[in-house]
Amino acid sequence: MKKIIILIAIILLLGGGGFAGWWFFLKQPESDEEVVEEIPEIPSAFLEFPPTVIHLIKEGVVTHHVTVKITIEVAEGPDLINAERWQIRLQNDFMTELHSLYYYRYFTQDGYVSDKITKRLINVADKVMGKGVVRNVELLVEGITKPSNS
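And the structure:
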């Protein structure tokens, strides 16, 4: 009698487990609507760099001083913390890129701020921070002055 009760209990447990597995894993949803959970968008944070002066040189003589301010847009949280950690290197790489771009006269056709320059700064940020971490780079020219010797 004990063996029959144990056998029936084992059959019920196996049957119940099989039914639960079918119900949760193999059964199709009753509605035709596809359930898609939207990933919440992480709000943006902005990291401003201090204004920096770029010297434009032509034939060995400084012709202009361009004061620029750069702001990068990243996601809040770890991306912002990493951007703050890499701020000095980002600023140095941005200034190097701007010196080379302004030297090659990208500014003469489109001004000192253009989509080409912004895209190049985003590429620089992607090399330092990783692709897609920096959402946008804003370049603001605060002033253009001529030195007193020219």
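Quick note on this note's numbering: the sequence shown kicks off at 2 and runs consecutively. Built from N, CA and C at the ideal position, the CB exists for glycine as well. Here the structure is a predicted model, which is why all the values come from computation and not from measurement.
Notebook entry, point to check: Thinking C-beta only, is Leu-140 closer than 9 Å to Thr-119?
Noted result: yes
Item checked: CB of His-66 within 9 Å of CB of Lys-147, strictly -> yes
Next item on the list: Return the CA-CA distance between Leu-8 and Gly-22, expressed in angstroms with no decimal places.
Entry: 21 Å
Checklist line | Own chain, CB closer than 8 Å to Ser-45, minus 5 neighbours either side, in chain order | finding: Glu-74, Val-75, Ala-76, Glu-77 and Arg-136
Next item on the list: Return the chain-ordered list of same chain residues with a C-beta closer than 6 Å to the C-beta of Phe-47, the five sequence neighbours on each side being excluded.
Entry: Thr-72 and Glu-74
Next item on the list: List the whole-angstrom C-beta distance separating Pro-51 from Val-69, where the pair is believed to meet the contact cut-off of C-beta under 8 Å.
Entry: Going by Cβ atoms, the distance from Pro-51 to Val-69 rounds to 10 Å, so no, they are not a contact pair.
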